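The structure appears right after this line, and notes come after that.
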Amino acid sequence: MSSGLAILKKRADFLAAARARRQGTSSMMVQARKRPEDGDGIRVGFTCSKKVGNAVARNRAKRRLREAARLVLPDAGQSGWDYVLIGRAAATAERDFTDLQKDLRYALRKLHARP
RNA sequence: GCGGAGAGCCGGAUGGCCGCGGGGCGUAAAGCCCCGAGGAAAGUCCGGACUCCAAGAAGCAACGGUGCCGGGUAACGCCCGGGCGGGGUAACCCGACGGAUAGCGCCACAGAGAACAGACGGCCCCGCAGGUCGGGGUCAGGGUGAAACGGUGGGGUAAGAGCCCACCGCGCCGCUGGCAACAGGGGCGGCAAGGCAAGCCCCACCGGGAGCAAUGCCAAAUAGGACCCCCGCGCGGGCUGGUCCCCUUGGGGAUACCGCCGCUAGGCUCGCUUUUGCCGAGAGGGGUCGGGUUGGCAGCUAAAGGUGCAUGGCAACAUGUACCGUAGAUGAAUGGUCAUCGAAGGGGGCAACCCCGGAACAAAAUCCGGCUUACAGGCUCUCCGCGCGU
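Using the working numbering, read the first sequence as starting at 1 and increasing by one per residue.
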């Protein structure tokens, strides 16, 4: 990705992020983890389980999350962290897109503020 | 015009900004250009291609599937045409549609009786003699049931009965038409033949198993395995070996490492041996092989391909020819957002029109042929019935 975001692909990375911090909003759940090993750059993954809906609904939710991450993370995310965005059943697809971005910024602020 | 039947098609549009996957140009970066979900991509229910495994081919057995006839096809459980049966006034639709004299099994409830028939209630005759009796004939009519041992009519009879006759049905044997399923008609038979095969079964035909996470190849690092070879230390030699470097047909150069040759010399540990030597094992070095993990490449998209025309065929389809060339991801691209326009559906209005509202089902995952299921709404063509007009 040219914007400096790498995509998470390994199952182990997802599991590690899930064990770390998490913050829910009305339109998504955000998990975050500061990688213990060295390495710059922001990595991000997306999860939309069967609870979100059928394949069409899951793909649409994932695409909106991906677009929001592309717009928000380069300035609101912190280098060296992994983020995982999880879609919610109807809210992720239906929420106004500016509100969706606000939700992500809010969640990131709360996650970074924790000790 | 109203109602209906069949076939086919579309299934949001345009633009701006920002992105994603693949390919091309470019040394590379930047950049530019091109392409990028469906009719069902779905369910994963059939049939194939392809790959691996197994196995003389084949056949038999078992198991599974298919099941009127003919044709189409790579093949099919699909498609087309025909037959038969059923539904509809019709267009048209529906059909697990081989065999029940090969055998076994089952037929609830009701009913007298459900398969070697039988007799509840009846009808008729005879006897005793007048009863709520005994003996016999009979199954047409009644009742039950999904189904009652052929149906209708007539003759016949004590009452009846395929007992006899006609027609229908059934079975057998010819004939005619048809490739066939089957249809038509003739003769004979004599009621002897109930239903269920979606219970087992019989007959005919088809099928080896697993699947692209198939399969083939490459690389890396880590731990370990099997086998083979070498093995004391050191020095020297470039030696038609390996390896590396340079110019490049072929040569030249280097020698850290492996190998080779020569000299020197007597071993890192243990065993064996009187000692040396020899031998064996380990450690060490080198090589080969197989398996696991991770990543990459191939398979991977050109295909029983699509469209048009011509010919053959009622058709499915086939043949010929011209043109087109059409996604290849793998935590998985094909989008996000904004603007304008917008079908259905609501609401208001006599109307023109205004307001709300905002697009069904569902997203490739090796590829094809089908089937099945889901689908807001719209369009086109053909046909049938009714009504009206000419």
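Every residue gets a Cβ at the ideal spot worked out from N, C-alpha and C, and that includes glycine. In this text the structure is predicted, and so the values were computed from the model without any measurement.
Relative to the C-alpha of residue i, which candidate in the options has its C-alpha closest?
{"i": "Arg109", "options": "Gly87, Val72, Ala89 and Ala90", "result": "Val72"}
{"i": "Arg63", "options": "Asp75, Glu94, Leu111 and Asp13", "result": "Glu94"}
{"i": "Glu67", "options": "Gly87, Ala18, Ala20 and Ala55", "result": "Gly87"}
{"i": "Gly77", "options": "Ala18, Thr25 and Lys34", "result": "Lys34"}
{"i": "Gly80", "options": "Ala32, Ala61 and Arg70", "result": "Ala32"}
{"i": "Arg70", "options": "Gly24, Ile42, Thr25 and Met29", "result": "Ile42"}
{"i": "Asp13", "options": "Asn59, Leu85, Pro74 and Val56", "result": "Leu85"}
{"i": "Asn54", "options": "Asp96, Ala90, Ala113 and Leu8", "result": "Ala90"}
{"i": "Leu104", "options": "Gln23, Ala57 and Arg58", "result": "Gln23"}
Count the other CB atoms, across all protein chains shown, that sit within 10 Å of the CB of residue i; report buried if there are 16 or more and exposed otherwise.
{"i": "Ser27", "result": "buried"}
{"i": "Leu15", "result": "exposed"}
{"i": "Met1", "result": "Here the model assigns Met1 a pLDDT of 34, short of 50, so the residue's position is not dependable, and the following value carries that caveat. Flag for Met1 reads exposed."}
{"i": "Ala6", "result": "exposed"}
{"i": "Arg19", "result": "exposed"}
{"i": "Ala61", "result": "buried"}
{"i": "Val30", "result": "buried"}
{"i": "Ala17", "result": "buried"}
{"i": "Ser3", "result": "Because the pLDDT at Ser3 is just 41, under 50, the model does not fix this residue reliably, and the point stays unresolved."}
Just to check my reading of the structure: residue i and residue j have Cβ atoms closer than 8 Å, yes? What is that Cβ distance to the nearest angstrom?
{"i": "Val44", "j": "Tyr83", "result": "5 Å"}
{"i": "Thr92", "j": "Leu65", "result": "7 Å"}
Per the contact definition of three or more C-beta pairs closer than 8 Å, is the segment 99-109 in contact with the segment 41-53?
no
Identify every run of the beta strand (DSSP E) within the segment 45-87, keeping only runs that are complete inside it and at least 3 residues long; order them along the chain.
Complete beta strand (DSSP E) runs here, min 3: 81-87.
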